[in-house]
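Residue numbers (our numbering), protein chains in the order written: chain C, -18 to 134; chain L, -18 to 134.
Each residue gets a CB set at the ideal place from its N, CA and C atoms; glycine is no exception.
Protein chains: 2
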Amino acid sequence: MKLISAGETAANTNNASVEVGEDLSRIGEMAKKYGVTLRTLRFYEDKGLLHPQRDGSTRLYTRRDKARLKLILLGRKVGFSLRDVKQMMDLYDPKGSNTKQLRLALDKSEKQLARLQKQRALIDDAINELGGSMSAVRQMLAERSTPQASVAS
Amino acid sequence: MKLISAGETAANTNNASVEVGEDLSRIGEMAKKYGVTLRTLRFYEDKGLLHPQRDGSTRLYTRRDKARLKLILLGRKVGFSLRDVKQMMDLYDPKGSNTKQLRLALDKSEKQLARLQKQRALIDDAINELGGSMSAVRQMLAERSTPQASVAS
DNA sequence: TGCGCCATTTACGTTTACGTCAATTCTATA
DNA sequence: TATAGAATTGACGTAAACGTAAATGGCGCA
């Protein structure tokens, strides 16, 4: 019962640097809120994907960091590597049209889409192959008599 | 031009142990025939999946080894781990109905099938998500005017 | 002031299926 | 016999995304 009551009470004790109504979160809240582990958040930071502020040594995640994390998780979901995600995010320029970023993202997305489709094809293959093998095996188990090797060609 | 002419000429030089008309292959032939690398074949042996004979130190793969390799490759294709493949193959008993082996294979296959289907669902999700993001990005690139962040919720 | 909990840093471990040398030997052929 | 092309073993590297352990620090509260 020493928690900070789910992210409300945390923001008004000892903030001196930033002015606007912040909703800073510490690592534990972040982890719960986004379903990742503490280790993961530190790992992302280590990899240069997140840059939380520090209060002393305590990480404080801003609205920005949360947006970035969402992007990371989306990227991960669609199968980008963290390196790709970083590369794309590193191009983000708060003042500017971000055309380069968008082009890169689109480019990577097309490639990733192709990969995903290839993967899906492979999986479909595997599913079919496996289905075939399974019914063969079922047959062999049914005809409890002629034991032959399970693969011919 | 020092190859053994694709597996025909190799069998009648200095075999003394086995009698029947063998078609032994050395590692290079195997690799080509099955589209794997030498390293892979040695790796499989190291993991106990293959047990080629030796002529001195040279590996000689028999018909058996080829059948086993086919099984390994099939297993790999449908997404089994080498450990799984080994476990299943280790149950093979040349004299016997191999009921246990078949049951295990079927069991593992069912689980693997489930995994594959789950994977496919994930990939479909990813494809859809990616498709959505891509058209959003395309729009942003088209409306060369209002630069907003690419992800909202 | 001491307990309990949260947090931090550092570093090594895990998993899978090989790739990539490196050093050396073996073998076949010109 | 020299030499090129196989083959061998051994060891280290790779990729991704963290897990886990250990030692330590700081905070709130009874």
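Confirm, please, whether the CB-CB distance from residue j to residue i is below 9 Å.
| i | j | result |
| --- | --- | --- |
| L:G9 | L:L19 | yes |
| C:D65 | C:K89 | yes |
| L:K47 | L:M69 | no |
| L:A49 | L:L41 | In the sequence as presented, Ala is not what sits at residue 49 of chain L; that position holds Arg. Their beta carbons are not under 9 Å apart, which means L:R49 does not touch L:L41 by this criterion. |
| C:M121 | L:L83 | yes |
| L:L54 | C:V118 | no |
| C:R44 | C:D4 | yes |
| C:D105 | L:K58 | no |
Could you tell me the distance, in whole angstroms, from the CA atom of residue i to the CA atom of residue j?
| i | j | result |
| --- | --- | --- |
| C:S62 | L:L111 | 14 Å |
| C:G56 | L:Y25 | 35 Å |
| L:K51 | C:Y73 | 49 Å |
| C:L94 | C:I108 | 21 Å |
| L:R101 | L:G60 | 13 Å |
| L:L31 | L:K13 | 17 Å |
| C:G77 | L:S114 | 20 Å |
| C:R23 | C:D71 | 18 Å |
| C:S116 | C:A123 | 10 Å |
| C:P75 | C:P33 | 17 Å |
| L:R125 | C:V17 | 36 Å |
Strictly below 7 Å CB to CB, what residues from chain L border residue i?
| i | result |
| --- | --- |
| C:A107 | K58, V59, G60 and L97 |
Within its chain, find whatever has a CB closer than 6 Å to the CB of residue i; leave out the 5 residues flanking it on each side and keep chain order.
| i | result |
| --- | --- |
| L:N79 | none |
| L:L103 | none |
In chain C, which residues lie with their C-beta within 9 Å of the C-beta of residue i?
| i | result |
| --- | --- |
| L:A86 | S114, M115, V118 and S131 |
| L:L22 | Here the premise fails: no neighbours, minimum Cβ distance about 18 Å. |
Mind pulling the chain L residues with CB within less than 8 Å of residue i?
| i | result |
| --- | --- |
| C:S90 | L111, S114, M115 and V118 |
| C:L94 | I108, L111, G112 and M115 |
Closer than 8 Å by C-beta to residue i: which residues in its own chain qualify, once you throw out the five before and the five after it? Chain order, please.
| i | result |
| --- | --- |
| C:K92 | none |
| C:T21 | A12 |
| L:L97 | V59 and G60 |
So which residues on chain L does residue i lean against when the C-beta distance must stay under 9 Å?
| i | result |
| --- | --- |
| C:I104 | G60, L97, Q98, Q100, R101 and I104 |
List, in chain order, every chain C residue whose beta-carbon is nearer than 7 Å to that of residue i.
| i | result |
| --- | --- |
| L:M121 | L83 |
Going along the chain, which residues of its own chain have a beta-carbon closer than 7 Å to the beta-carbon of residue i, five neighbours each way excluded?
| i | result |
| --- | --- |
| C:K67 | K28, G29 and L30 |
| L:Y15 | L50 and L54 |
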